[in-house]
Amino acid sequence: MRIRVVKGDITDQHADVIVNAANSSLLGGGGVDGAIHRRGGPAILAECRELRASAYRDGLPAGQAVATTAGELRARWVVHTVGPVYSASEDRSALLASCYRESLLLAGRLGARSVAFPAISTGVYRWPLESAAEIAVRALRAASAEARAIDDVRFVLFTEDAYAVFERVVTGDESIAAGLAAHPAERWHALFAAVDALTPADREVTWEGGRENAAGVTQLPYPVYGEGFLRVVRLLGELAVVPFDWPGWTRASPLFPEGRGLAEAPVADACRLATAYVRGERFTDGALESGLRNGALDAVVERLRRWFAEERPGRGAS
Numbered sequence: 001m002r003i004r005v006v007k008g009d010i011t012d013q014h015a016d017v018i019v020n021a022a023n024s025s026l027l028g029g030g031g032v033d034g035a036i037h038r039r040g041g042p043a044i045l046a047e048c049r050e051l052r053a054s055a056y057r058d059g060l061p062a063g064q065a066v067a068t069t070a071g072e073l074r075a076r077w078v079v080h081t082v083g084p085v086y087s088a089s090e091d092r093s094a095l096l097a098s099c100y101r102e103s104l105l106l107a108g109r110l111g112a113r114s115v116a117f118p119a120i121s122t123g124v125y126r127w128p129l130e131s132a133a134e135i136a137v138r139a140l141r142a143a144s145a146e147a148r149a150i151d152d153v154r155f156v157l158f159t160e161d162a163y164a165v166f167e168r169v170v171t172g173d174e175s176i177a178a179g180l181a182a183h184p185a186e187r188w189h190a191l192f193a194a195v196d197a198l199t200p201a202d203r204e205v206t207w208e209g210g211r212e213n214a215a216g217v218t219q220l221p222y223p224v225y226g227e228g229f230l231r232v233v234r235l236l237g238e239l240a241v242v243p244f245d246w247p248g249w250t251r252a253s254p255l256f257p258e259g260r261g262l263a264e265a266p267v268a269d270a271c272r273l274a275t276a277y278v279r280g281e282r283f284t285d286g287a288l289e290s291g292l293r294n295g296a297l298d299a300v301v302e303r304l305r306r307w308f309a310e311e312r313p314g315r316g317a318s
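This is how it looks when you write it as structure tokens:
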């Protein structure tokens, strides 16, 4: 499950599930709640009224989640969850974590693959942004193993402040390492086995194109990679490619382009370096060839091996 941060209006999102930071009445309100009801139309409110009349006569308790139609939104369902009001004198973090966990698990039971979350409880409920972001990311990481079909989770934040805080938390070293640990051991074994199975032929790169066709058009040259190497890249992308400011990092990092110093760096830097090459190939043909030739991709895999063997939480179970 990949977690990313998007700046914008959650009601504009195209996702299987849009999560609503609802109030307990389920009858709409201000902020995100009001915006979702306005954009989604009366069908959402009609189903909320049915839920109030049947299962939730006293309102939806904080930390729980229910689903309705998404009405006119570009989604299949809206999942409504009630966040706790922040208290400086009482620890209510378990309730906030439950909002994210229960929403994600409900989305998984519905068959969703993509889920858009707001920053629950950070509006009129006044939960501090930094704390809210840390709780949200930890809760979703912890629940990801129980919602394996969901592969795209995004926080959609309207303000610059909220976006900056969530982006910092999601892309921090601790969060990236937690994302690695959320993948089951067998997926890591598959990556390492694919790397070990590479032959010299798999590591060869040929270039095609560059010739003028009958219409007088010259196609730009492009690299052709071996299937074994592409399998490694696909597995690496599924496991270790992360959201972060990769163009800026590639310019500033002392590890780029050859992986120098990666063995002593946090494992998050291996993910960032992998991201720089995997995403770089989309914009510059031959980026992966460069990482293959200069040893950077091998350095990434070796750092991941050491993390898996020596640093991964629960490694004794595999």
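To convert, note that position 243 of the sequence shown is 243 in UniProt numbering; the numbers rise steadily by one, no gaps. All C-beta atoms in this analysis are idealised placements derived from N, C-alpha and C, irrespective of residue type, glycine included.
Same chain only: Cβ atoms within 7 Å of residue i, ignoring 5 sequence neighbours per side
i      : result
Asn23  : Gly29, Asp33 and Val82
Val195 : Val232 and Val301
Ile176 : Val242, Ala268 and Cys271
Gly259 : Leu273, Gly295, Ala296, Ala299 and Val300
His37  : Gly28, Ile44 and Leu45
Ser98  : Gly63
Glu167 : Val5
Residue of the options minimising C-alpha distance to residue i
i           : options                           : result
Leu106      : Tyr225, Ala133 and Ser144         : Ser144
Glu208      : Gln219, Thr199, Pro200 and Ala214 : Gln219
Val79       : Leu60, Glu134 and Cys271          : Leu60
Ala112      : Arg148, Gly226, Leu262 and Val170 : Arg148
Val165      : Glu264, Ala265, Arg141 and Ala132 : Ala132
residue 326 : Ala197, Glu50 and Ile150          : Beyond the ends of the chain as shown, which are 1 and 318, falls residue 326; an answer cannot be given.
Tyr86       : Tyr125, Leu297, Trp77 and Pro184  : Tyr125
Val66       : Ala75, Leu73, Arg52 and Arg74     : Arg52
Tyr100      : Arg76, Val137 and Ser114          : Val137
Leu230      : Leu292, Ala214 and Arg260         : Leu292
Glu204      : Ser290, Ala185, Gln64 and Gly259  : Ser290
Ile10       : Leu27, Ser25 and Arg39            : Arg39
Gln64       : Ala119, Ala21 and Arg211          : Ala21
Leu304      : Leu235, Tyr163 and Phe158         : Leu235
Glu134      : Leu157, Arg306 and Ser93          : Ser93
Leu198      : Gly226, Gly216, Ala214 and His14  : Gly226
Ala119      : Ala265, Tyr163 and Glu146         : Tyr163
Leu104      : Ala193, Leu26, Ala142 and Ala88   : Ala142
Ala70       : Arg57, Ala46 and Gly31            : Ala46
Glu146      : Glu102, Ala193 and Arg74          : Glu102
Gly31       : Gly237, Ala75, Phe283 and Thr159  : Thr159
residue 322 : His14, Gly228, Asp12 and Arg57    : For the chain, the structure presents residues 1 to 318; residue 322 sits outside this window and is missing.
Ala75       : Gln13, Trp127 and Glu212          : Gln13
Asp202      : Gly216, Gly228 and Glu212         : Gly228
Pro266      : Ala88, Cys48, Arg306 and Arg282   : Arg306
Gly8        : Arg282, Asp161 and Ala214         : Asp161
Bridge partner(s) assigned by DSSP for residue i
i      : result
Arg154 : Arg4 and Ala116
Tyr222 : Glu208
Val82  : Ala22
Val66  : His80
Val233 : Val233 pairs with nothing; no bridge assigned.
Val17  : Trp77 and Val115
Nearest-angstrom Cβ-Cβ length linking residue i and residue j, presumed shorter than 8 Å
i      : j      : result
Thr206 : Val224 : 5 Å
Val170 : Ile3   : 6 Å
Ala287 : Gly280 : 4 Å
Leu262 : Leu191 : With 8 Å as the limit, Leu262 and Leu191 do not qualify as a contact, their Cβ atoms being about 16 Å apart.
Leu110 : Val17  : 7 Å
Ser114 : Asp152 : 4 Å
Gly41  : Glu72  : 4 Å
Trp278 : Gly237 : First, the amino acid is wrong: residue 278 is Val here, not Trp. 5 Å between Cβ atoms; contact.
6 Å CB neighbourhood of residue i in its chain, flanking five on each side removed
i      : result
Phe117 : Val19 and Phe155
Thr122 : Leu129 and Ala132
Ala55  : none
Trp188 : Phe308
Ala62  : Val82, Pro84 and Leu95
Val6   : Arg154 and Val156
Trp77  : Val17, Ala67, Ala70 and Leu110
Ala35  : Thr11
Glu212 : Thr218
Glu264 : none
Trp127 : Tyr86 and Ser121
Cutoff 8 Å; reference residue i; Cβ partners in own chain excluding five residues on either side
i      : result
Gly210 : Thr218, Gln219, Leu220 and Pro221
Asp285 : Leu220, Pro221, Tyr222 and Pro223
On the three-pair Cβ rule with 8 Å, is the segment 298 to 316 touching the segment 177 to 194? yes
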